[in-house]
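Chemist:
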Amino acid sequence: MEQEIQGQNQNIEVEKPTQKGVFINSKWIKLGILIALILVLVGGAYYFGTQKTTNTQPSDTPTPTVSQALEESFDSPTQEPTKAVQTKSFTSAKFSELGFSGYSLIYPADWTLKEERDNSVPVSTVTLTKQGYALKIFQAATGGAQCIYEGDMPESPASDYRTNKYKDLITGFATLRQTESPSNGKMAYSYCQKNTSDGSFGQPTTVGHMNLTTGVAVPDPKIVSEFEEIIKSIKTL
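By the count of the working numbering, the sequence shown reaches residue 471 at its end, each step adding exactly one.
1. Between which two residues does the alpha helix (DSSP H) harbouring lysine 456 extend?
2. Would you list the one or two residues that DSSP bridges to proline 342?
3. Spell out a yes or no on whether the segment 406 to 420 and the segment 362 to 376 are touching, meaning 3 or more CB-CB pairs, one atom from each, closer than 8 Å.
4. Going by CA-CA distance only, name the one from Pro342, Val319, Ile382 that's closest to phenylalanine 461.
5. Taking contact to mean at least 3 C-beta pairs separated by less than 8 Å, is the segment 383 to 395 in contact with the segment 366 to 374?
6. Where does lysine 401 sit, in a helix, a strand or coil, going by DSSP?
7. Determine contact between the segment 420 to 430 and the segment 342 to 359, defined as no fewer than three beta-carbon pairs at a distance below 8 Å.
8. Please work out which residues of its chain come closer than 7 Å, Cβ to Cβ, to isoleucine 465, disregarding the five sequence neighbours upstream and downstream, and give them in chain order.
9. Thinking just about the alpha-carbon of each residue, which of Phe435, Gly436, Val458 is nearest to the one in leucine 446?
10. Going by Cα to Cα distance, which pick from Tyr367, Pro453, Lys370, Ser330 is closest to asparagine 353?
11. How would you call leucine 339, buried or exposed, if buried means at least 16 neighbouring beta carbons within 10 angstroms?
12. With DSSP run on the structure shown, which of helix, strand or coil describes leucine 273?
13. Can you list, in chain order, the residues of its chain with a C-beta nearer than 8 Å to that of asparagine 398? Leave out the 5 residues immediately preceding and following it.
14. In chain order, which beta strand (DSSP E) runs of at least 3 residues are fully inside the segment 346 to 433?
15. Residues bridged to leucine 446 by DSSP?
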């Protein structure tokens, strides 16, 4: 009887370590699973966080180099505003006794215009001046002459410009040939009008005898452009 009790006690003592070992193993397994789950969650959170940061980072904009900046400045020049030119107008009435037409013209405000007119003769001289340049338009009872250029043959009294340089100006009443006519080493210009019937040129023009003096050997291109525009503006009345 005692042996059976001892045997049972031995059996009980043998079984207790077995149950404890199972309990301990189960505990560690659960703990390992929990740690693994935490690691997975932390790793996933880190991965998605880095991906979001990478996707939302703005792209770097390259800083323009000095050469690129210069190229852009030359490709897109800054345009200076054009200054408005103040002008004045003038009208010269027709003489009933002369074959010349009355006329009008426009000139810059910094030019000076003066008209000397005598209705009893009749005679009129209109002079526009600026810095020694003087454009004159003269009407009186005078004769005329043909203007000949390279390749032309004079058929009557003529102004010979066969070796002179010239430029045609389209005015409000006709085509005028502006011819370089230097005098005493200083540049001057004569004006002949084109005949629409045969293409020849002659003086005076429909509005009178015209000439321009500069007082210099080499005229200022800016002033030349200004008096050419004055001539182009002339219209008959």
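The beta-carbon is built from N, C-alpha and C at its ideal position, and this holds for glycine as well.
Modeler: In short, the structure shows the following:
1. 455 to 466
2. Thr321
3. no
4. Pro342
5. no
6. strand
7. no
8. Leu403, Thr405, Leu410
9. Val458
10. Ser330
11. buried
12. helix
13. Tyr383, Thr413, Glu414, Ser415
14. 346 to 352, 357 to 364, 367 to 373, 379 to 382, 392 to 394, 400 to 404, 409 to 414, 422 to 428
15. Leu369, Tyr423
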